[in-house]
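Working notes, structure below.
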Amino acid sequence: MRSEVGSPSPQAITRPRRRYFRLWEELAVLTAHRGLCIYCLASSEVKDHVIPFARGGDDALHNLAPACDDCNDSKNDRTPLEFAAFRLSPGVWGRHGHPGSGQLVDEFDRFRRSYPVWMERIEITQIELLNRQRREWFRNDVSSTYFSSWPQPTIRVKAAIYRHFYGSHVAAAEKAGWPTESSAPFRILRPRDWHARSERPSDWVRL
Ligand SMILES: [Zn+2]
Numbered sequence: 010m011r012s013e014v015g016s017p018s019p020q021a022i023t024r025p026r027r028r029y030f031r032l033w034e035e036l037a038v039l040t041a042h043r044g045l046c047i048y049c050l051a052s053s054e055v056k057d058h059v060i061p062f063a064r065g066g067d068d069a070l071h072n073l074a075p076a077c078d079d080c081n082d083s084k085n086d087r088t089p090l091e092f093a094a095f096r097l098s099p100g101v102w103g104r105h106g107h108p109g110s111g112q113l114v115d116e117f118d119r120f121r122r123s124y125p126v127w128m129e130r131i132e133i134t135q136i137e138l139l140n141r142q143r144r145e146w147f148r149n150d151v152s153s154t155y156f157s158s159w160p161q162p163t164i165r166v167k168a169a170i171y172r173h174f175y176g177s178h179v180a181a182a183e184k185a186g187w188p189t190e191s192s193a194p195f196r197i198l199r200p201r202d203w204h205a206r207s208e209r210p211s212d213w214v215r216l
């Protein structure tokens, strides 16, 4: 169903290499849009590539948006428009593009109303992610946070732990317009039990 018409073949373009994200970038994306999935408004869990990497999108922050696991999985390498058509009108646009069980007019109407809402959320989130002061705030704040365990948790787990302990701290900074002058105190987070390798934020403590 996903047509390649109109997009250059992946081999034809020189692509930047995929890169590793830093924790502050992970957090800057996950907490954007009030920490909610831009597609369904559930709590965000992952970074979604708005324009998928496979379709020419890159790893720049403003091509990323907070999403829940479910939406991220089912969006796969669809563009937002394709995902909207797929997600909002699954009854009509069946697997091979044939009409399915829905009423075409009803489903199209629903799609036409919902798509601009998604686009607006994406745009607002892009503007948020392009805010230099916001980015600096995250870079500065996260650099003073130390995870005391070996092996180190994955970036995804670190982000969940940070949000668990500092969610209200982030909200306060947002309210204050991402103050640049405040320097974050050095902070240590460690597993409740030194030997534990738990990936649940509630099994971690602040020192
Ligand atoms: Zn979602």
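Just so we're aligned, residue 10 is where the sequence shown starts under my numbering, counting upward by one.
Glycine included, each C-beta is placed from N, C-alpha and C at the ideal position.
Start and end residues, alpha helix (DSSP H) containing residue i
i: D82; result: D78 to K84
i: I47; result: It is not in any alpha helix (DSSP H) - I47 carries neither H nor E in the DSSP assignment.
i: H173; result: I164 to K184
i: V38; result: L32 to L39
Euclidean distance between Cα positions of residue i and residue j
i: W213; j: I170; result: 7 Å
i: R165; j: V55; result: 8 Å
i: F30; j: A168; result: 12 Å
i: S211; j: F117; result: 44 Å
i: I136; j: D67; result: 17 Å
i: R28; j: Q161; result: 19 Å
i: R121; j: D82; result: 23 Å
i: A74; j: E190; result: 27 Å
i: Y175; j: F147; result: 12 Å
i: L70; j: A41; result: 11 Å
i: Q142; j: D115; result: 44 Å
i: S157; j: I131; result: 35 Å
i: Y155; j: R119; result: 47 Å
Same chain, Cβ closer than 8 Å to residue i, neighbours up to 5 away in sequence not counted
i: N140; result: W187
i: W127; result: I47, Y48, P89 and A93
i: L45; result: A51, S52, S53 and P75
i: S12; result: Only weak support exists for where S12 lies, its pLDDT of 47 falling under 50; the value from the coordinates is given anyway. The answer is none, since no qualifying residue turns up.
Span of the beta strand (DSSP E) around residue i
i: F156; result: T154 to F156
i: L198; result: R196 to P200
i: H58; result: V55 to H58
i: W159; result: First-last for W159: undefined, no H or E at that position.
i: W187; result: Neither: W187 is in no beta strand (DSSP E) and is coded neither H nor E.
Own chain partners of residue i with C-beta closer than 7 Å, once the 5 adjacent residues on each side are dropped
i: H178; result: none
i: I60; result: G66, N72 and T88
Local Cβ density within 10 Å of residue i, reported as buried at 16 or more and exposed below that
i: W159; result: exposed
i: F195; result: exposed
i: D57; result: buried
Own chain, CB closer than 6 Å to residue i, minus 5 neighbours either side, in chain order
i: K84; result: F92
i: R96; result: none
At least three beta-carbon pairs within less than 8 Å, the stretch 33-41 to the stretch 142-154: yes
Stretch pair the stretch 49-60 + the stretch 174-185: three plus CB contacts closer than 8 Å: No: fewer than three Cβ pairs fall under 8 Å.
Could you name the residues, in chain order, whose CB is less than 5 Å away from a heavy atom belonging to ligand 3? This structure lacks ligand 3; the ligands present are ligand 1.
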